[in-house]
Amino acid sequence: MKQRRIVVVSQKGGVGKSTFARSLAVEFTKADWRTKIIDMDTKQGTSTKWAMRRQEAGIEPAIQVESNNNVASAVNTNSDYQLLIFDGQPHASSLTREAAEGADLVIIPLKAGEDEIDPAIDLARELHTKAGVDPMRIFFLFNQIADENAVDVKRTYELIERQGYPTSDSYIRNLTSYNKALSEGRGITEVSHPKVKAEAEAALNDIVGHFYNLIEQEKQEKQGVA
């Protein structure tokens, strides 16, 4: 089976990269993908510390995490994994472009506000023009959204889609339940409250569904060439 790569990146810190990297790792591991997170923020190590808390709490499934900001090394030494999820550095850099090159899917988390949205779109354009990432492989998803910003979310998604980038139909609200789950070593789909859990599952299912659609499209294109 070909190894797949998902890369979660941002132009600015604090938008929820690690939230999605960790929670996606949980979902794919539960779906029997041999998955590892590559924590590229070797100084802060958010995903690395989270995995340790998860292990200490005995939460299943166990999630594999490696602290490594060398993309080539991470890929070459983890060939036995079916999926590598790169939790990018807190700010865009040459390593961001390197990680995105050849990725099956690049996820750019968003927060509400023009100061947050414009840099995210600029990053997507840069990944397309400088790293050769197909715009259809760059996926936007809002995170940490207050209820009063819900209307703006839909409008912004429509704006992003008009520029050729896919988006989620959902978003992650700014809830204490999610922060508590992450602090305990859980993913955001592992909260106990049914409604909150369902909201997180809907957002992650949008990502996972797009990922599978891209793989299926790739297979069909190869069959057409053959």
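Be aware that the sequence shown starts at 102, since it is given in my numbering, and climbs by one per residue. Heads up, the beta-carbon is just placed ideally off N, CA and C, and yes, glycines get one too.
| Asked | Found |
| --- | --- |
| Contact under 9 Å by Cβ, L206 with A221 | no |
| With 16 other Cβ atoms within 10 Å as the buried cut-off, status of T257 | buried |
| For E161, the first and last residue of its enclosing alpha helix (DSSP H) | Counting along the chain, E161 falls outside any alpha helix (DSSP H), and DSSP gives it neither H nor E. |
| G203 versus T149, D235, R135 and M141, residue with shortest Cα-Cα distance | D235 |
| Inside the region 106-188 only - beta strand (DSSP E) runs reaching at least 3 residues | 136-140, 165-168 and 184-188 |
| Start and end residues, beta strand (DSSP E) containing T268 | T268 to R274 |
| First through last residue of the beta strand (DSSP E) which encompasses N250 | First-last for N250: undefined, no H or E at that position. |
| Local Cβ density within 10 Å of T178, reported as buried at 16 or more and exposed below that | exposed |
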